[in-house]
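Structure first, commentary second.
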Amino acid sequence: MKKITIILSFLVTGVVSGFAQHEIGPALSSQIFSRINYNPAGLGNSSDINIFSQSRMQWVGFDGAPTSTVFNVHYFNEMYRSSLGAAISYDEILYTKAINVKIPYSYNIDLSDKSLLALGLSAGVYQVSADYADALYSNAYGDELINESQVSPDFDFGVEYSTPKFLLGASVSHIGQTSGPLTMTPGQTYYGYARGNFKLNKDIDLIPSILYMNSGQTNVYDISAVAFFRKLYWGGFCYRGGAALTTLIGMEWNFIRIGYGYELSTGETANISSNTHELMLSFIIKAKSDEPQVKGKKKKKK
34 MKKITIILSF
44 LVTGVVSGFA
54 QHEIGPALSS
64 QIFSRINYNP
74 AGLGNSSDIN
84 IFSQSRMQWV
94 GFDGAPTSTV
104 FNVHYFNEMY
114 RSSLGAAISY
124 DEILYTKAIN
134 VKIPYSYNID
144 LSDKSLLALG
154 LSAGVYQVSA
164 DYADALYSNA
174 YGDELINESQ
184 VSPDFDFGVE
194 YSTPKFLLGA
204 SVSHIGQTSG
214 PLTMTPGQTY
224 YGYARGNFKL
234 NKDIDLIPSI
244 LYMNSGQTNV
254 YDISAVAFFR
264 KLYWGGFCYR
274 GGAALTTLIG
284 MEWNFIRIGY
294 GYELSTGETA
304 NISSNTHELM
314 LSFIIKAKSD
324 EPQVKGKKKK
334 KK
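Counting in the working numbering, the sequence shown runs from 34 upward without gaps.
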């Protein structure tokens, strides 16, 4: 009986956290590396093509455990002071699957030589489907299969202010959407975050950050700190209030960045499983220079 109670508790907690995750967005710890999936203003101003992907596998070993994956690509056009990209996120838990596809755009305004204001907008679709037939009835009574799918337009808006030492951003996703017991689509969600960049010595840089998310009555906050050694290796942590503590490690080599996170549950599921992993991979395709190359003459540095 005790075993059955534990399993039922896991399933109930999993469903609740899964739908909360659909509302709040991908529960990923390395948000300092990419914010595009919830704030289109975070596209940045690099003329290189930036490609980013990250996957989260929660409670590995349990059937139907939550998994999340985000993928995005973007680049910046100096002539139009604009960034354009594509962002995809995918969530799956038990018998529910959700996919969000967006086209984010941002316009950058130089406030000074060292400060930038970005305004971003993204448009796309959100599709969520559920098939509970096997879970609830196994179709043993010949009942019609419980299969539901919903598709809705999806829009986000955000702003971001940045300097070499500080970054501040805010956004709203799923604009105009409402969620409730009779709908599977996420409701309008608000984000606010801040990040610093401090050079401790010639080899070590420290980047602390905080992220707050609100969707109706659901409130989540992340506090993280990551230290970079010679801008090649990093390690740190991310604490999701009342839910989990994730340790982060990674490295960069030329145009490739890889990272790994291991999560320890601290909330209601702490005694069920801590077998949660995050994998990150990103790389850069260098932009071609518009400057003509003259034999025997060095290229001018920008």
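Glycine included, each C-beta is placed from N, C-alpha and C at the ideal position. If you're wondering where the values come from, they're calculated on a predicted model, not measured in any experiment.
Between the region 78-90 and the region 312-323, the count of Cβ pairs shorter than 8 Å is three or higher; the stretches touch. Take TYR266, set aside five residues on each side of it, and the residues of its chain with a beta-carbon closer than 6 Å to its own are MET284, in chain order.
In summary, LEU297 is exposed, with fewer than 16 beta-carbon neighbours lying within 10 Å of its beta-carbon over all protein chains present. Cβ neighbours of VAL103 within its own chain (closer than 6 Å, five residues either side excluded): PRO59, ASN70, GLN87 and SER122.
Between TYR159 and ASN133 the beta-carbon gap is near 5 Å, inside 8 Å, which marks them as a contact. Its chain contains ASP189, PHE190, GLY191, GLN221, THR222, TYR223 and TYR224 as the residues whose beta carbon lies nearer than 8 Å to that of VAL205, once the 5 sequence neighbours on both sides are disregarded; these appear in chain order. Look at the beta carbons and you see the region 229-237 not touching the region 106-121: under three pairs across the two are nearer than 8 Å.
Of all alpha-carbon atoms in LEU144, GLY274, THR299 and PHE261, the one lying nearest the alpha-carbon of LEU281 is that of PHE261. The beta carbons of SER139 and ASP124 sit about 24 Å from each other, so the pair does not count as a contact at 8 Å. For MET90, the pairing in a beta bridge is given by DSSP as THR100 and HIS310. Nearest to ASP236 by alpha-carbon distance, out of SER257, THR309 and ARG263, is ARG263. With contacts defined as CB atoms closer than 7 Å, PRO137 and ALA120 qualify as a contacting pair. Using a 10 angstroms sphere on the CB of GLU181, the tally of other CB atoms stays under 16, which defines it as exposed. In the three-state reduction of the DSSP assignment, PRO73 falls in the helix class, which pools H, G and I. Closest in C-alpha terms to GLY118, from the list ILE65, LEU149, GLY75 and GLU311, comes GLY75. By the neighbour-count criterion, in which 16 or more other beta carbons inside 10 Å mark a residue as buried, TRP92 falls on the buried side. Taking C-beta atoms as the reference points, PRO73 and LEU154 count as a pair closer than 7 Å. Here the C-alpha atom of TYR194 lies approximately 28 Å from the C-alpha atom of PRO186.
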